[in-house]
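Have a look at the structure below, then the notes.
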Amino acid sequence: MIPSFRRLSFLLPTLFVVAILSGVVLLFSRNPPSGVPVIPRAALADLPGDILQSLFRLFQAYLLSLLFAYLYGLAAALTRWGPRILIPILDILQSIPVLGFFPAVVLVMIPLFPTTKMGVEAASVILIATSMAWNMAFAVYESVRTAPSDLWDLFRGIRAPVWQWVLRFLVPVTLPKVIYNSVLSWTAGWYFLIACEMIAMGPVHYELPGLGSFLVSSTEKGHFGEALLGIGALIVTVMILDVFVFRPSLVWSHNYQIGEVEGPFSRISSPVYDFLASSETLAEVKKKAGHVGGQLVRFVWRRGRFGGGSLTIPDSFLRVVTVGGGILGGWVLLRSLFAGVHVVSGWVRQGIPWGSLSELPADLLFSILRLLAAYCVSLMWTIPVAYWVFKYPRLSRAVFPLAEVMASVPATALFPFVIVLVVQIFHSMNLASVILLMSGMQWYLLFNLLSGVGTFPSELREVSLTFGLRGRLFLRKVFLPFLLPSIVTGSITAFGGGWNALIVSEYVVYAQKDYGVRGIGAFLDRATYSGESPFLGVAALLVMTVVVVTANRLFWVPLYERVTRRYGYDV
Amino acid sequence: MTSRKDSFLVLKNISRDFTRDNRSYRAIDNLSVGVEEGEFVAIVGPSGCGKSTLLRILQGLIPPTSGELLYKNHPQTGVNSDMAMVFQGFALLPWLSVKDNVALGLSARGRKAADIDRTVSFYIDKVGLEGYEEAYPRELSGGMKQRVGLARALAIEPKILLMDEPFSNLDALTSVTLRDEVLMLWKDQEMPVRTIIMVTHIIEEAILMADRVVVLSRRPTHVVREIDVDLPRPRNRKHPDFERLSDEIFSLIS
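Chains as they are written, first to last, in the working numbering: chain A, 1 to 571; chain B, 1001 to 1254.
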């Protein structure tokens, strides 16, 4: 049992980080938001404008995530304490369900801006970014850490100046993983768009013009056709982005792939990229731009008098930064703790709602059972599909884009249909909830399985053919063992998505009627929207985060290590 | 090139095209060659010339675009189960033990468990892996991995053994020992396999081991010359005839 205890040692820092975060929030939120700018919505004529607004919001969130990913990822990869402190923190941040950031972000952002509308807009962008940023930061961290040591030695050997490190090392090395994760992040961003455009806290209710709120308000009113049109518009937008942005970027990023390792999307093709790459005018423009850019960099370089210096920063500067950062950090820490204690003691004096809190364990259990059910059903259909794609590789051309589009459709957008179909036919909100959960889980599984199938070595195929391994024997001895690492990675990400989807899947308002089941997601929903006692929301969030982090540390990470050691194909 | 009469295995005017990026390439062009029973044939050629493709056409893993493949005077369709392949990259299943890897082809043929056990341990002993039955591939050195690959191929007791650059992923010393052992196994009366076809890019290796060397051209690949090697065994690479042959093949390839 000793190793398990050691594995539990992360719990203390987890609680610590959550406490600090909530402290920071409380510190900055002394004047709680008032004013209720609800914009009347859902006229069909607004749809194009709404889409553009949502797109712009997603784009801002993406830029923010990208900036964060590089700053945080580099800090984690290049500093001594990065892997030990920053990475566990990132792990925890990733485990907090997206909705968990809601109160924090809204309370912090609104007082920071002159008008409430600007504050809400900023809060919305940051909320969307919390569904995009973490995996990208991991991508930067991993690519830098796993960069071939030969490359490091080469750049150090030629005493490369900073611009060369950035342009020729950092960007190319991180590009494939960052672009791949950007695509995933956009998918996640669309998925949570709806939750992030409707910001409700207790009695206060904000609604931003956008595709998400268009969908919600049209379903709330029961306007089926409009909702359908909104979803159609969403799918078209996702497809346009896919064809004109993501696919060309993915294909392009393959030029930077180090080694022969086949990535999940390595078999993807893009006519747009082929067109752009073969266009001679574009090549000319690129050449000129590259020339001018190079001149500019060199000019700035000489002027900046960094000449000859490689990655060295003066010691005195470092010391000043460390001391200054330490003092600032300490001040924020102390004030946060003080504010936190003050507010929490205030809540305690108000009285702890034990009655509601005692429902939490049972709710948690219900939610876990629901997650497991959704997971099993997802596994049951994705593995056969993966095998199918393996047998008929041409199918991947159809299955991949389809899954990508389906994964982008926000679960909440599907709610009215699922609810109408399931609740009114089977009279079971539980079933509806499981189906909604699947919408947040199954695609991760499918993506990972398909990428596993894509890397199936031709050697293994030939071995199976030469020795006559067919049918069940092939499945048992070759296909499933080979796929096992992908199944585990897919399961980890699926459960991550599942916990996030829990909050939007257990409690739905449709056509002025509440549909809910008992579960921790519904619990958190009620706590956030009803504003009964802030204690409940914090408790639910804390329980959820601890459960997710614990499950990862005690179950998934050891399992992943075991499986990759035993089943990884690199012989 | 004309194939010999009544051959065991005959390739007639084989061509193979590949498509990549919507363009079609001819990898093998009008290639004819024959192999007799009990022969050790080495196929050499410049790198990237389609040697391995040829081997896969032989077993029926990939179909030729045109041409005819006769095995025992009958056209061959699909995978020929009288052949077994030894792979360049070993191609062992990392999640199976040595024993289970060797047993792979036998269980695919639906043999009884006791029968499989007996055959597997016989061939594991033959390749000198006794004591490693329960080990996993990742615990083995390169040479031992290829021994497992060899045992796996021999265990199904094929009529023809195909070897795709079997020694090129091994260090020089290991490949010397393993070469000798393959020759010993070939001469071993207990071994049912009499015919070996080996692809290699090392000319010395071909002359050292084979009865006949088939020299292939660059792409599109065809047979440049077939050279009989009638040096006495065990062969000595210092022998003047050895060097003459080696020079001759070298000049044909480069």
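For each residue, glycine too, the CB sits at the ideal point set by N, CA and C.
Quick check: F1040 of chain B and M1184 of chain B, are their CB atoms within less than 8 Å of each other?
No. Outside cutoff.
Taking DSSP as the reference, what is the three-state secondary structure of S1168 of chain B?
S1168 of chain B falls in the coil class under three-state DSSP.
When the Cβ atoms of the stretch 1117 to 1131 of chain B are set against those of the stretch 489 to 506 of chain A, are three or more pairs found closer than 8 Å?
With a cut-off of 8 Å on Cβ pairs, the stretch 1117 to 1131 of chain B is not in contact with the stretch 489 to 506 of chain A, counting fewer than three such pairs.
6 Å CB neighbourhood of S143 of chain A in its chain, flanking five on each side removed
Once the five neighbours on either side are set aside, the close Cβ partners of S143 of chain A are V173, T174 and K177.
What separation, rounded to the nearest whole angstrom, lies between the Cα atoms of L536 of chain A and D525 of chain A?
Their backbone Cα atoms lie some 10 Å apart in a straight line.
Is G440 of chain A helix, strand or coil when you go by DSSP?
Helix at G440 of chain A.
Give me the subset of the stretch 461 to 478 of chain A whose CB atoms are less than 8 Å from a CB atom of chain B, sorted by chain position.
Shown in chain order are the members of the stretch 461 to 478 of chain A whose Cβ falls below 8 Å from a Cβ of chain B: E462, V463, L465, T466, F467, G468, L469, R470, L473, K477 and V478.
What residue ranges within the stretch 1028 to 1077 of chain B form continuous beta strand (DSSP E) runs of no fewer than 3 residues, ordered along the chain?
The qualifying runs are 1040 to 1044 and 1066 to 1071.
Would you kindly work out how many angstroms separate the C-alpha atoms of P40 of chain A and V272 of chain A, rounded to a whole number?
Note that P40 of chain A scores a pLDDT of 49, beneath 50, so its modelled location is shaky and nothing firm can be said.
Please state if the CB of V140 of chain A and the CB of L215 of chain A are separated by a distance shorter than 8 Å.
No.
Within chain A, the residues that L1061 of chain B reaches when beta carbons sit closer than 9 Å:
R461, E462, L465 and T466, listed in chain order.
Cβ-based neighbour list, D1029 of chain B, same chain, cut-off 7 Å, excluding 5 preceding and 5 following:
Apart from sequence neighbours up to five positions away, the residues of its chain that approach D1029 of chain B with a beta-carbon distance below 7 Å are S1015, P1220, T1221 and H1222, ordered along the chain.
Residues, ordered as in the chain, of the stretch 1079 to 1092 of chain B that lie near chain A by beta-carbon distance below 8 Å:
Cβ contacts with chain A come from V1079, S1081, M1083, A1084, M1085, F1087, G1089, F1090, A1091 and L1092.
In three-state terms, what does DSSP make of K286 of chain A?
DSSP places K286 of chain A in helix when its eight states are reduced to three.
By Cβ distance below 6 Å, which residues in the same chain neighbour I87 of chain A in space, the five residues on each side in sequence not counted?
Residues A76 of the same chain have their beta carbon placed closer than 6 Å to that of I87 of chain A, with the five preceding and five following residues left out of the count.
Check whether the stretch 473 to 490 of chain A and the stretch 553 to 566 of chain A are in contact - that is, three or more C-beta pairs closer than 8 Å.
Contact between the stretch 473 to 490 of chain A and the stretch 553 to 566 of chain A is established, with three or more Cβ pairs separated by less than 8 Å.
Would you please verify whether the beta carbon of I1156 of chain B is less than 8 Å from any beta carbon of chain A?
Yes, its Cβ sits closer than 8 Å to a Cβ of chain A.
Between the alpha carbons of I235 of chain A and S278 of chain A, how many angstroms are there, rounded?
For I235 of chain A and S278 of chain A, the distance between alpha carbons rounds to 29 Å.
Counted within 10 angstroms of its Cβ, other Cβ atoms place Y72 of chain A as buried (16 or more) or exposed:
Under this definition Y72 of chain A is a buried residue.
Per DSSP, which one or two residues make a beta bridge with A1084 of chain B?
Bridge partners of A1084 of chain B according to DSSP: B:L1161.
Under 9 Å Cβ-Cβ, which residues of chain A neighbour L1170 of chain B?
Taking a Cβ-Cβ threshold of 9 Å, none of the residues of chain A is close to L1170 of chain B; the smallest such distance is about 14 Å.
If we count the other Cβ atoms within 10 Å of its Cβ and call it buried at 16 or more, is I327 of chain A buried or exposed?
Flag for I327 of chain A reads exposed.
Taking beta-carbon pairs under 8 Å, can you tell me which members of the stretch 161 to 172 of chain A lie near chain B?
Residues passing the 8 Å Cβ filter: none.
According to DSSP, simplified to helix, strand and coil, what is R1023 of chain B?
Residue state, collapsed to three classes: strand.
Distance, P1064 of chain B Cα to D1125 of chain B Cα:
In this structure, the CA atom of D1125 of chain B is about 37 Å from the CA atom of P1064 of chain B.
Secondary structure of S1015 of chain B, DSSP reduced to three states
Three-state result, S1015 of chain B: strand.
M1191 of chain B and L1154 of chain B closer than 8 Å at C-beta:
A contact, by the Cβ cut-off of 8 Å.
Applying the 10 Å Cβ sphere with the 16-neighbour rule, what's the burial state of Y392 of chain A?
Exposed is the label assigned to Y392 of chain A, since fewer than 16 other Cβ atoms lie within 10 Å of its Cβ.
Taking the straight line between their C-alpha atoms, what separation do you get for L100 of chain A and A1027 of chain B?
Per the sequence presented here, residue 100 of chain A reads as Gly, with Leu not at that position. Inter-residue distance for G100 of chain A and A1027 of chain B is about 59 Å (C-alpha atoms, whole angstroms).
Quick one: Cα of N1013 of chain B to Cα of V1086 of chain B, how far?
Looking at the two C-alpha atoms, the distance is approximately 26 Å.
Nonlocal neighbours in the same chain, by C-beta distance under 8 Å from E1226 of chain B, ignoring five residues either side
Excluding sequence neighbours, E1226 of chain B sits near M1001, V1033, R1212, V1213, V1214 and V1215.
Just checking: is the beta-carbon of R562 of chain A within a distance shorter than 8 Å of some beta-carbon in chain B?
No, because no Cβ of chain B sits closer than 8 Å to the Cβ of R562 of chain A.
In angstroms with no decimal places, state the Cα-to-Cα distance between T116 of chain A and L67 of chain A.
CA-CA distance, T116 of chain A to L67 of chain A, rounds to 25 Å.
Report yes or no: is there a C-beta of chain B within less than 8 Å of the C-beta of G568 of chain A?
At least one chain B Cβ lies under 8 Å of G568 of chain A.
Euclidean distance between Cα positions of F306 of chain A and L167 of chain A:
Only weak support exists for where F306 of chain A lies, its pLDDT of 46 falling under 50; the value from the coordinates is given anyway. Looking at the two C-alpha atoms, the distance is approximately 16 Å.
Residue from A:A69, A:G355, A:I158 and A:V321 with nearest C-alpha to N135 of chain A
Per the Cα distances, A:A69.
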